[in-house]
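Q: Following this message is one structure expressed as structure tokens.
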Amino acid sequence: MAEDAGADDRQPRRRAQRRTESSEPPDGRGSGSAAVAARRAAQHVADFTGRSPECVISIDRDDRGWKVGVEVLETRRIPDTQDVLAIYEVKVGGNGDLLSYRRIRRYARGQLDGRCR
643 MAEDAGADDR QPRRRAQRRT ESSEPPDGRG SGSAAVAARR AAQHVADFTG RSPECVISID
703 RDDRGWKVGV EVLETRRIPD TQDVLAIYEV KVGGNGDLLS YRRIRRYARG QLDGRCR
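Quick note, the sequence shown lines up with residues 643 to 759 if you use my numbering.
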């Protein structure tokens, strides 16, 4: 019975991994794709901050590679609307190498932008 529970735990990861692999474009660009750049940027943020990224919120291509916005949970609070989130701007080259990264904003999860009404 315990073996069945362990197998069930692994199954969702396999599905998620297949989705990630299938998100690669078929054009042979490999590490130059937006999906790969986003994953590598999120991994760089995790490596430097020690925190797991919540999501990728933006991605832009330029001459040297990609500029990616990564949202990270910095401090967990109760209630969770008071969690402290941060946005990191990460620049990665076409091959996924880190060019730069910096935190550009911190805010409470429940805080709305001035543009949101």
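C-beta: ideal position from N, C-alpha, C; glycine also.
Because the structure is a prediction, the values reported are computed rather than measured.
Between alanine 684 and the rest of its own chain, which residues show a CB-CB distance below 7 Å, the 5 nearest in sequence each way excluded?
A: The residue labelled residue 684 in the question sits at position 42 within the sequence shown. Excluding sequence neighbours, alanine 684 sits near Pro695, Val698 and Val712.
Q: Could you tell me the boundaries of the alpha helix (DSSP H) in which arginine 682 lies?
A: As a first step, residue 682 is located in the sequence shown; it is residue number 40 there, counting from the start. Per DSSP, arginine 682 belongs to the alpha helix (DSSP H) from 676-691.
Q: List in chain order: all unbroken beta strand (DSSP E) runs of 3+ residues lying wholly within the stretch 725-755.
A: As far as the stretch 725-755 is concerned, its whole beta strand (DSSP E) runs of at least 3 residues are 726-735 and 740-750.
Q: Under the three-state reduction of DSSP, which class applies to aspartate 702: helix, strand or coil?
A: The residue you call residue 702 lines up with position 60 of the sequence shown. Aspartate 702: strand per DSSP, three-state reduction.
Q: Any idea if arginine 747 is buried or exposed, counting beta-carbon neighbours within 10 angstroms, 16 or more meaning buried?
A: By one-based count along the sequence shown, residue 747 stands at place 105. Counting Cβ neighbours within 10 Å, arginine 747 comes out exposed, since fewer than 16 surround it.
Q: Among the residues of its own chain, which have a CB less than 6 Å from the CB of tyrosine 719, if the five just before and after it don't count?
A: One-based indexing of the sequence shown puts residue 719 at position 77. Looking at the sequence itself, residue 719 is arginine, so the reference to tyrosine does not match. Answer for arginine 719: Asp725, listed in chain order.
Q: Considering only residues of the same chain and omitting the five flanking positions on each side of arginine 682, which have a CB-CB separation below 7 Å?
A: Counting from 1 along the sequence shown, the entry for residue 682 is found at position 40. So the list reads Val734 and Gly738, once near-sequence residues are dropped.
Q: Within the continuous beta strand (DSSP E) that includes threonine 717, where are the two ends?
A: Taking the first residue of the sequence shown as 1, we reach residue 717 at position 75. 707-717 is the span of the beta strand (DSSP E), which, as asked, contains threonine 717.
Q: Does threonine 662 come out as helix, strand or coil in the three-state DSSP assignment?
A: Looking up residue 662 in the sequence shown gives position 20. Note on threonine 662: pLDDT 39, under 50, position unreliable in the model; the coordinate value appears next. Reduced to three states, the DSSP call for threonine 662 is helix.
Q: Look at the Cβ atom of valine 732, then the Cβ atom of valine 710, and state whether they are nearer than 8 Å.
A: Locating residue 732 in the sequence shown gives position 90, counting from the first residue. Locating residue 710 in the sequence shown gives position 68, counting from the first residue. Result yes, Cβ atoms of valine 732 and valine 710 sit closer than 8 Å.
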